[in-house]
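Before any comments, here is the structure.
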Amino acid sequence: MIDRDLENKITQLKEFTDLWASFHASYKKASKQQSFTDDEEAIFLELKSSLARKYQGLMDSLGIKASAEDRTFDVISQVMSLKGMCSLSPMQFDKVDNDWHASYITLNKILGSLENRQNELAKINPAVQACKKFFTNPIFTLILIVIVIGFIYYVIKTFFS
């Protein structure tokens, strides 16, 4: 069975983790550089802004509340700009990098859960799913009740006539 909503969530999360890895590569590279063009800075700030929006949309879509182990917004807020990365002490940089890594692990845990759900759904026979939908349909339930009442009426009428 295929759950389109689940498929979309997995795709969104994979796209976000790719963007998140790109962000990581950008700020790590920036920590080794001394100067940046205005265009490089603008592209980086747009990436950072896009990440914040996409992350919030993703968490809303997944119905997940921020947890203590999720450091995604911490990293986004700590990495102010490419130029700012150069001014971080090694200890500050390590903290940002550790927070990025913790976030990456959290995102992959969520992705693993979604993919496990996808695999479980793939094992379900489509015919069984169709039957479940049919038998839980309120119209079918009403028809079934009418048939049962009719049968009971028939049995009572037959035995008492």
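One rule links them: number in our numbering = place in the sequence shown (from 1) + 7. Note that the Cβ used here is the ideal one computed from N, Cα and C, for glycine as well.
Residue environment: Met92 is assigned as buried (16 or more neighbouring CB atoms within 10 Å of its CB, all protein chains considered).
For a cut-off of 8 angstroms, the C-beta gap from Gln19 to Ser88 is around 27 angstroms, too long to register as a contact. Pro145 and Val155 have their C-alpha atoms spaced approximately 15 angstroms apart.
Look at Thr165 here: in three-state DSSP terms it is helix.
Taking all protein chains shown into account, Tyr160 has fewer than 16 neighbouring C-beta atoms within 10 Å of its C-beta and is therefore exposed. Annotated three-state conformation of Asp77 is coil, per DSSP. Inclusion of Phe23 and Lys61 in the CB contact set at 8 angstroms is warranted, their separation being smaller than that value. Unbroken alpha helix (DSSP H) runs of no fewer than 4 residues, entirely contained in the segment 108-162, are found at 133-142, following chain order. Closest in C-alpha terms to Val103, from the list Val153, Ser38, Ser57 and Asn115, comes Ser38.
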